[in-house]
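Undergrad:
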Amino acid sequence: MQLRTMVNGEDWTLDVVPADVLLDVLRERVGVKSPKIGCERGDCGSCTIIMDGRTVRSCLVLAVEADGHEITTVEGIGYDGLSELQSLMLGNNSFQCGFCAPAIVLAATELLQHNPNPSRHDVQEALAGNLCRCTGYEPIIEAVLSAGGGGTE
Amino acid sequence: MVIAHEFDYRRPASLEEAIGILSEYPGSAQLLAGGTDLVAWLRDDAVAPDVLVDIKDVPGLGDITVEGDILSVGSLVTFTDLIESGLVREHAPLLVEMAETVASTGIRNRATMVGNICSAVPSCDAGPVLLAYDTTVHLAGPGGERTVDINDWFVGLRQTALADDEVVIRVDIKLRQHGGVYVKLMRYAGEDLAQAAVGIVVYPENEYRVVFGAVAPTPFRSIRIEDTLRGKPLDEALVAEVVAMVDDEISPITDMRASAEYRTRMTEVMLERGLWEAIERCAGAGTDYGVRLI
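Protein sequence lines correspond, in order, to chains R and H. Sequential numbering of the first sequence, starting at 109, is according to my numbering. Sequential numbering of the second sequence, starting at 8, is according to my numbering.
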């Protein structure tokens with residue numbers, strides 16, 4: 109089947125079969141490597157992408173379902189240099205190994221788009237389900253709060 | 008890990024076309040909405056359909072409306088849609104309280120409430136809340152439309168009243184003044200299924216609905232507990248009486264997520280706290296919807 113989609117502003121037309129999972133097609137066919145293969149059942153969050161403005165778990169989306177839809181990964185967010193959020197995360201040592209980083213950048217980007225001044229609770233809720241085994245989350249949450257203007261409880 | 012078996016994929020543009028495809032593949036078609044359960048099951052070989060019928064292009068299934076005293080939630084309405092809907096928050100706030108406990112934002116953006124009751128796993132979050140409300144499920148099939156009372160919807164583990172050639176269009180909730188709670192026991196936020204859950208709705212004149220989730224093959228109303236409570240104002244003795252009934256009413260299993268004993272004891276705690284909170288909320292007091300009781 110033919111899949112026509114836009115990935116980070118670029119048009120792609122690909123032949124796929126219905127059993128192809130979007131995560132695998134993005135990594136192996138489009139060559140976008142920031143969505144990671146983690147649990148492959150929607151629990152860990154590391155395969156997160158933005159589809160039509162909302163984060164989704166690309167391990168739970170079939171490639172054919174993305175036909176006609178627009179996809180953004182962290183490669184698209186950082187195309188013109190780091191976003192303010194990414195710079196704050198860098199300055200705050202938010203990540204160590206970096207495996208969860210692309211997904212968390214996307215989840216926090218989505219949050220800030222809908223809620224420019226989130227509380228700590230909002231940030232925790234928005235990032236829940238994005239597992240990080242290195243940091244204990246605090247340096248990530250702090251960076252998102254600063255990007256949102258410091259945060260109010 | 009890849010999905011190991013092959014299947015066809017169809018994306019009908021109308022309800023009639025969707026029902027036609029289901030009839031072409033009797034018993035071997037699978038409806039696809041958000042897919043957050045289905046794609047995981049395909050990967051696990053827990054389901055092996057010949058065709059997936061993706062209903063996301065069928066018009067009209069994504070609506071949330073209130074007409075008269077009926078709130079309608081279309082079968083493509085996601086948990087995020089519920090959380091962001093002013094109509095739902097105003098008229099059926101328990102749906103918002105429930106939706107906020109479902110997995111993570113990335114799942115809620117995709118997963119639909121109707122898909123949740125169609126997957127019909129014991130821990131499905133929408134089940135206890137829809138059973139606590141007066142809910143009817145509206146279906147379309149080759150012979151036209153029909154409705155199923157939510158009390159007749161869950162027929163077994165992952166089994167519902169939906170026939171192979173039918174599509175759910177929407178659920179309708181009859182609106183009355185009420186207070187409710189959805190209390191969900193889970194190990195951590197962001198991904199976990201319910202270890203146990205309690206949905207309660209209290210209507211004026213002391214009419215109670217008490218529903219348990221994740222402690223039996225399907226979510227279910229406890230008619231014995233509701234009968235014991237009916238018409239009586241809540242007091243310590245009455246709460247103690249119904250809490251003592253929990254052990255006989257539920258049949259939880261022990262698995263990797265919790266022991267049966269833990270589920271039972273916590274269900275008792277959730278029922279007690281939930282009843283008091285639902286009464287408060289029915290009177291226009293109590294905590295805001297979304298505040299977690301455990």
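All C-beta atoms in this analysis are idealised placements derived from N, C-alpha and C, irrespective of residue type, glycine included.
Which chain R residues are close to Gly42/H, counting only those with a beta carbon under 9 Å from its beta carbon?
TA: Leu168, Val169, Leu170 and Glu173
Undergrad: Using the three-state DSSP reduction, which class does Met159/R fall into: helix, strand or coil?
TA: strand
Undergrad: Mind checking Val298/H: buried by the 16 CB within 10 Å criterion, or exposed?
TA: exposed
Undergrad: Taking Cβ positions, are Val218/H and Gly206/H nearer each other than 8 Å?
TA: yes
Undergrad: Taking Cβ to Cβ, would you say Asp128/R is nearer than 8 Å to Gln110/R?
TA: no
Undergrad: Just to confirm my understanding: we take Glu183/R, look at its own chain, exclude 5 residues before and 5 after, and list those with CB closer than 7 Å. What are they?
TA: Asn116, Val140 and Ser142
Undergrad: Can Ala234/R and Ala216/R be called in contact, C-beta distance under 8 Å?
TA: yes
Undergrad: Which residues of chain H have a Cβ atom closer than 7 Å to the Cβ of Thr163/R, listed in chain order?
TA: Going along chain H in sequence order, the residues near Thr163/R (Cβ under 7 Å) are Thr112, Gly113 and Asn116.
Undergrad: Can you look up Ser126/H in the DSSP assignment and give me helix, strand or coil?
TA: helix
Undergrad: Specify, as a first and last residue, the run of the beta strand (DSSP E) that Trp120/R falls within.
TA: Glu118 to Asp123
Undergrad: Interface residues of chain H around Glu148/R at Cβ under 7 Å?
TA: Met8 and Arg50
Undergrad: Ignoring anything shorter than 4 residues or poking outside the segment 159-185 of chain R, list the alpha helix (DSSP H) runs there in chain order.
TA: Given a length threshold of 4 residues, each whole run of the alpha helix (DSSP H) inside the segment 159-185 of chain R is given here in chain order: 182-185.
Undergrad: Applying a beta-carbon distance threshold of less than 7 Å, which residues of chain H neighbour Gly153/R?
TA: Ser111 and Gly113
Undergrad: Sort Val209/H, Val162/H and Val144/H by Cα distance to Pro129/H and report the nearest one.
TA: Val162/H
Undergrad: Kindly provide the ranges of any alpha helix (DSSP H) runs that are 4 or more residues long and lie completely inside the segment 56-91 of chain H, ordered along the chain.
TA: Segments of the alpha helix (DSSP H) lying fully in the segment 56-91 of chain H: 86-91.
Undergrad: When you compare the segment 223-233 of chain R with the segment 152-172 of chain R, are there three or more beta-carbon pairs, one atom per stretch, that lie closer than 8 Å?
TA: no
Undergrad: Ile180/H lies in the beta strand (DSSP E); which residues open and close that run?
TA: Val174 to Lys181
Undergrad: If you measure between the beta carbons of Glu192/R and Ala255/R, is that distance less than 8 Å?
TA: yes
Undergrad: Cβ closer than 9 Å: which chain H residues qualify as neighbours of Ala215/R?
TA: Contacts between Ala215/R and chain H, judged by CB atoms closer than 9 Å, involve Ser111, Thr112 and Gly113 in chain order.
Undergrad: So which residues on chain H does Ala209/R lean against when the C-beta distance must stay under 9 Å?
TA: Under a criterion of Cβ atoms nearer than 9 Å, no residue of chain H is adjacent to Ala209/R; the nearest Cβ is some 15 Å distant.
Undergrad: Taking a Cβ distance cut-off of 9 Å, strictly less, list which residues of the segment 226-242 of chain R are near chain H, in chain order.
TA: Gln232, Glu233, Ala234, Leu235, Ala236, Gly237, Asn238 and Leu239
Undergrad: Provide the residue span of the beta strand (DSSP E) that contains Gln194/R, from first to last.
TA: It is not in any beta strand (DSSP E) - Gln194/R instead sits in the alpha helix (DSSP H) that spans Glu192 to Gly199.
Undergrad: Just verifying my parser: in three-state terms, what is the DSSP assignment at Ile10/H?
TA: coil
Undergrad: Thinking Pro259/H and Leu164/H are a contact (beta carbons under 8 Å), I'd like their distance in whole angstroms, please.
TA: About 14 Å separates the two Cβ atoms, so there is no contact after all.
Undergrad: Answer with buried or exposed for Ser21/H, where buried requires no fewer than 16 other C-beta atoms within 10 angstroms of its C-beta.
TA: Exposed: under 16 other Cβ atoms inside 10 Å.
Undergrad: Distance cutoff 8 Å, beta carbons only. Does Tyr16/H sit that close to anything in chain R?
TA: yes
Undergrad: Taking the straight line between their C-alpha atoms, what separation do you get for Ala170/H and Ser35/H?
TA: 12 Å
Undergrad: Return the residue from the list Gly153/R, Cys167/R and Ile157/R that minimises the CA-CA distance to Asp51/H.
TA: Cys167/R
Undergrad: Which residue marks the beginning of the alpha helix (DSSP H) containing Tyr140/H, and which one marks its end?
TA: Unbroken run through Tyr140/H: none, as it is neither H nor E.
Undergrad: Rounded C-beta distance between Tyr210/H and Met105/H? I'm assuming under 8 Å.
TA: In fact, because the Cβ distance is near 18 Å, the residues do not count as touching under 8 Å.
Undergrad: Just curious, the beta strand (DSSP E) that Met109/R is in, first and last residue?
TA: No beta strand (DSSP E) contains Met109/R, which DSSP labels as neither H nor E.
Undergrad: Could you tell me the distance, in whole angstroms, from the CA atom of Val213/R to the CA atom of Gln194/R?
TA: 7 Å
Undergrad: Do three or more CB pairs link the segment 261-268 of chain H to the segment 278-297 of chain H at distances below 8 Å?
TA: Here the segment 261-268 of chain H does not lie against the segment 278-297 of chain H, with fewer than 3 beta-carbon pairs under 8 Å apart.
Undergrad: So Asp132/H contacts chain R; which residues on that side make the cut at Cβ distance below 9 Å?
TA: Here the premise fails: no neighbours, minimum Cβ distance about 14 Å.
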